[in-house]
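Have a look at the structure below before the remarks.
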Amino acid sequence: MLFGCLTATAQNTGGKTVKGVILDSNGETVIGASVVVKGNSSIGTISDIDGNFTLKVPDNAVLVISFVGMKPQEVKVTDGGLLRVTLEDNSQQLEEVVVVGYGQQKKASVVGSITQTTGKVLERAGGVTSLGAALTGNLPGVITSATSGMPGDEDPEIIIRTKSSWNNSEPLVLVDGIEREMSSVDISSVESISVLKDASATAVYGVKGANGVILITTKRGKEGKANVQIKANVTAKVVSKLPEKYDAYDTFYLMNNSIEREAAINPAGWANYTPAAIIHKYRYPANAEEWDRYPNVDWEDYLFKSHAMSYNTSVNVSGGTKVVKYFAAADFVSEGDLFKTFENNRGYDAGFGYNRINVRSNLDFTLTKTTKFSTNLFGSNAQRSLPWEMADNDQSYWASAYKSAPDAMRPVYSNGMWGWYAPRDADVPNSARILATAGSEKRTTTKVTTDFILEQDLAMLTKGLKFKANFSMDYNFVESKRGVNDMYNDAQQMWIDPSTGEIDYKFDPDSGTGIDKVENPIYWSTQAGSADINSTYRKLYYSFQLDYARTFGDHELTALGLFSRLKEAQGSVFPIYREDWVFRVTYNYMMRYFFEANGAYNGSEKFGPDYRFDFFPSLSVGWMLSDEKFMKGLKFLDMLKLRASWGRVGDDSVVQPWQRFTSGRFLYKDQWNNSGNAIMGSVSPDASPYTFWNMSTLGNPDISWETVEKRLR
C-alpha cells in the first residue's frame, strides 16, 4: 500500500534526492528496511531508527523496498511530496526466517544444517500430550525412541543424526533461549522449533552442542483485538501389539504331540506326557478346587485394560496494543493407565496416573521507539501416581504378559491368597501382585520459571547495532508422599502343585519358634507408615548480547557477541557454575556466496584450574549455485546450494545427569573420609588418641572436556 507521494529535487547532474518513511501494517516505523534502485543494487540505503531514508537516484528510477517477513514493493520515482510506504506482512516469507543460536537468519543465507517446523504442524500429531512425542516423524534427521509408556513419562529419547558423546546422548534444549526441559512447554504454546544439527550451527553452544541443539520458540502476542483459542482432545490409548500365546489347553496338546513324535529317540519323554483328562481340566474345570489346581491364565487380558483415556484441554489468549502485547495460555492434561487396578485391602489405589496443568504468560512492552522490555512467566503443577517401590521402567509390572506361562499359577487363588510359582519364583513373576502391593506414591512437581528481557536499539551509536540483556530464574520443587509398601513384609503367597495337589506356601506358616507368620500393618499403612520426601532445584541465568547487522549494497554483514553465566543448585549442595563467551560473524555477497564463523569459549567448574576453559570454533561456507546465470535455464531446479562446514564442539557431562551434584563433582580432587580413631579401619576406636583420615577416591587432575569434531562437505 502506498500513501502520499514522492519528494524529488532536481539536481544539476540529472539525478534526484528521494526522501520517505517506511511503516508496517500497524503504522509502526520499520527500522533497517532495504531501499535499492531496481536493476542497480549498488545504489541503495536502509531506513533509520525512525523509518526514514534519503537516497540520491537517477531520473525515472524505480525503488525496490523490502524487509524480512514483509512483501517487497516497487515504487516509481516521480515529483511530489514525502514518500510514505506501508509494507504488508508476508506470512510465506516469514516461514523463510530460521531461528538459530541466539538469533534469527534468513533461510536462504543459512549455511549450517538446520531443520525447522511450526507449532501448527505439531498440533496435527493427535493422540499425544507431550511435545517430545509430537516431534516424531516431523523433523528430518531427528530420531525419537519411546522409552516408557507410563502416564506422565512419555517423552521419548531424542537423538539428532547420531550419538556424538559417550556420556550423554541428549541434545541441548532451549526454550526462548534458556536451557530448560522440553516437558516445560505444551504443544499449543509452540510457535516454532529449530533443530541445529552440525557443528557450524551448534558451535555457539560449545560445551553443550555435541549432540545437537533444539530451539523452542513460544508464541507471543500481536497488536489487535483479543484472539481466544480453545482446543480439546480426547484420546483412547490401547496396547498396540502383544505376542500371541497358546493357552494351557493347547500348550499341553502341543507338548504331547512333540513327545509322541520323539518317542523313538527319546522314550524318557513319556514321563512328561499329560493325559487328555487332565488337559481338559485346564480349560473346563469342574469346580473351584480344579480351577485353583489347573490354572489357565490369559496374563495379557488379566493385566491390561482394553483402553485408557487421556484428556487434553488448552486455552490461549493473545492480542495487544502499540504499547503492550500479550500471550497467555493454560493447558490441562489427564492421563489414564492401561494397567488394571487390583484390590489389595491396603487402603490405597495401586497403579499409575498423571494430571498436569501448565500456565504461561508472555508480555512485550514497547517502552520507547528504541526500547523493548519482555517478560516470560511459566508455572506448572503435575502429579504422578505410581507404585513407589519399583523403578518407573521396572519390567516386573508387565513381565507376566511375556514371561509367565498360563499354567504357572493363579494371580489370586479362590481363597484370596496371592499366587507365586514355587519352582522358579525369580523367573516367573506375578505382575498383578507386584502392582497391587508395591505401595503408592503421589509425586507432585511444581515448576516456576521467569525471564526478563531488555532490548535496546543502539542506532544512535551506529546503524544496525542492538543490545539485549536476559535475566532468568527457575525453581523446581518435588514432593513425594509415599504409602510404604509391603514388598518386604509381604502377604502370604501360595502355589498348588498340579501333579500332587499339594499347597506350597512362600512363607512358612510355623517358623519353628511357635510364632505363626503374621503381617505387620505398619509396613503398609498409609498413615503411620507414610513418608514425605522433598527436593528442590534452583537455577539463575543471565546474559548480555550485542548484535550488528548492516547491508552495504550487495554485501550483508552480521555479527554477534555474548556473555552468559549459569548457576544451578540442588537442595543445600554448593552451586555449579558455567560461563560462556560467544561470537558469530556472517557475510554474504548478493545472497549467493556465504561465509560464517562461530566460536564459544566455555568454562565449567567441573574440571581443575588448568582445564576449566576451552574454545570450540566452527567455520562454514555456502554457494547458492541455482542463482548463477548458467543455472537459470534449468526449469526443473528451484534451489541448489552447496555447503561445507567444520566445527569442534564439546560436552562437560563427565558423569550421568543425576550424579552432577553429588559423586560427579570435584573429580579432579582426592576424596578423603574421616575414620575416627580406628587405625586402617581394623582396630577398635580406643586404639589411638588421634583422628585418622583415609583416601576414599583418587582424583584425576587432568580430567577435561569431551570434544567432538564434525565435518560436512
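With the sequence shown counted from 1, adding 2 to any position gets you our numbering.
Glycine included, each C-beta is placed from N, C-alpha and C at the ideal position.
Skipping 5 residues on each side, what residues in its chain have a beta carbon closer than 6 Å to that of residue i?
i, result
"T315", "A234, F334"
"Q495", "W420, W422, K508"
"T446", "Q385, E481"
"S382", "N360, K449"
"L644", "W625, L627"
"N54", "V23"
In angstroms with no decimal places, state the Cα-to-Cα distance between residue i and residue j.
i, j, result
"E2", "A127", "As displayed, the chain neither begins before 3 nor continues past 715, which places residue 2 out of reach and without an answer."
"V241", "L627", "50 Å"
"S706", "L174", "20 Å"
"E337", "L133", "15 Å"
"H557", "N357", "54 Å"
"K18", "I45", "12 Å"
"T120", "N378", "20 Å"
"L642", "W625", "8 Å"
"V87", "T323", "21 Å"
"K519", "A493", "Model confidence at K519 stands at a pLDDT of 40, short of 50, so the residue's coordinates are unreliable; what they give is reported in the following sentence. The alpha-carbon atoms of K519 and A493 are separated by roughly 9 Å."
"T368", "A228", "18 Å"
"F632", "A63", "28 Å"
"D300", "W272", "28 Å"
"S433", "D366", "53 Å"
"M462", "G143", "43 Å"
"E193", "T56", "36 Å"
"N318", "R222", "11 Å"
"I232", "A330", "12 Å"
"Y251", "S196", "56 Å"
"K247", "W497", "22 Å"
"K541", "K569", "6 Å"
"A32", "F469", "A small correction: the amino acid at residue 32 is Val; Ala does not occupy that position in the sequence shown. Answer to the nearest angstrom: the Cα atoms are 18 Å apart."
"S202", "V102", "11 Å"
"F597", "L176", "25 Å"
Classify residue i as helix, strand or coil using the three-state DSSP reduction.
i, result
"Y296", "coil"
"Y255", "helix"
"V240", "coil"
"H282", "helix"
"G605", "strand"
"M633", "helix"
"W400", "coil"
"V627", "At residue 627 the sequence reads Leu, which differs from the Val that was named. Three-state DSSP puts L627 in a helix."
"G114", "coil"
"G105", "strand"
"N472", "strand"
"D612", "helix"
"I189", "helix"
"A228", "strand"
"S202", "helix"
"G208", "helix"
"W648", "strand"
"I51", "coil"
"V123", "helix"
"L437", "helix"
"I216", "strand"
Suppose the cutoff is 7 Å on Cβ atoms and the five residues either side in sequence are ignored; what does the same chain contact list for residue i look like?
i, result
"G716", "For the chain, the structure presents residues 3 to 715; residue 716 sits outside this window and is missing."
"N298", "D249, A250, Y251, Y284, R285, P408, D409"
"G208", "D582, A602, N604, F618, V651, G652"
Below 8 Å on the Cβ atoms is my guess for residue i versus residue j; work out the distance and round it to an integer in Å.
i, j, result
"D178", "D453", "6 Å"
"N600", "S620", "5 Å"
"V206", "R586", "6 Å"
"T131", "L137", "That belief does not hold up - the Cβ atoms of T131 and L137 are roughly 13 Å apart, past 8 Å."
"K73", "E90", "5 Å"
From the DSSP secondary-structure annotation, give me the bridge partner or partners of residue i.
i, result
"M496", "G421, Y507"
"W719", "With the chain represented from 3 up to 715, any question about residue 719 goes unanswered, as that position is not in the structure."
"K327", "G322, D366"
"L133", "DSSP, once it has assigned bridges, lists no residue as partnering L133."
"E558", "T553, N590"
"E581", "R567, G605"
"W390", "W390 is not bridged to any residue."
"I267", "Beta-bridge pairing links I267 to no other residue."
"Y304", "Y304 is not bridged to any residue."
"M311", "A238"
"V414", "W420"
Output needed for residue i: all residues of its chain with C-beta closer than 8 Å, excluding positions within five of it in sequence on either side, in chain order.
i, result
"S416", "A290, W293, D294"
"D640", "S628"
"T373", "L456, E457, Q458, D459"
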